[in-house]
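Before any comments, here is the structure.
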Amino acid sequence: MRALGVGVGEMRTSNRPGDVLRSYGLGSCIGLVMLSPSQRAVGMVHVALPDSKINQQLAKEQPGMFADTGIPFLLEEMVRYGCTVPGDLIVKMAGG
């Protein structure tokens with residue numbers, strides 16, 4: 018088993034059996050997880066802020082920091098694992 022930490026503004030994905038994505042201390046942040054059972058892939062983004070307009074440079078450097086850039090970024094990564102079938106992804110959110 019390999020634990021992959023997901024810090025504030027970070028995103029991680031994996032399709033390796035046994036990998037575990039972990040994020041601690043969400044508080045007012047959200048952890049958004051996408052799971053594809055058919056592709057056996059999972060991804061998580063640890064979002065701190067809703068809108069990247071407050072700091073567009075940071076959004077370019079760390080898209081996971083903002084909901085409007087981090088969620089599409091995570092979805093793009095999941096597509097790279099072959100998650101292209103509508104309805105295949107299970108999406109859950111915690112924190113806030």
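For the sequence shown, this note's numbering begins at 18 and goes up steadily by one. Even for Gly, the Cβ is constructed at its ideal location relative to N, Cα and C.
Check                                                                            : Outcome
Three-state class that DSSP yields for Met-18 in the structure shown             : coil
C-alpha gap between Leu-106 and Ser-53, whole angstroms                          : 5 Å
Closest Cα partner of Gly-87 within the set Arg-57, Gly-48, Ala-111              : Gly-48
Residues near Arg-33 in its chain [Cβ-Cβ closer than 8 Å; skip 5 each side]      : Arg-19
Presumed contact (8 Å Cβ cut-off) between Val-62 and Met-28, rounded CB distance : 4 Å
Between the CA atoms of Gly-24 and Tyr-41 - distance to the nearest angstrom     : 8 Å
Ser-53 - partner residues in DSSP beta bridges                                   : Ala-58
Terminal residues of the alpha helix (DSSP H) in which Arg-97 lies               : 84-97
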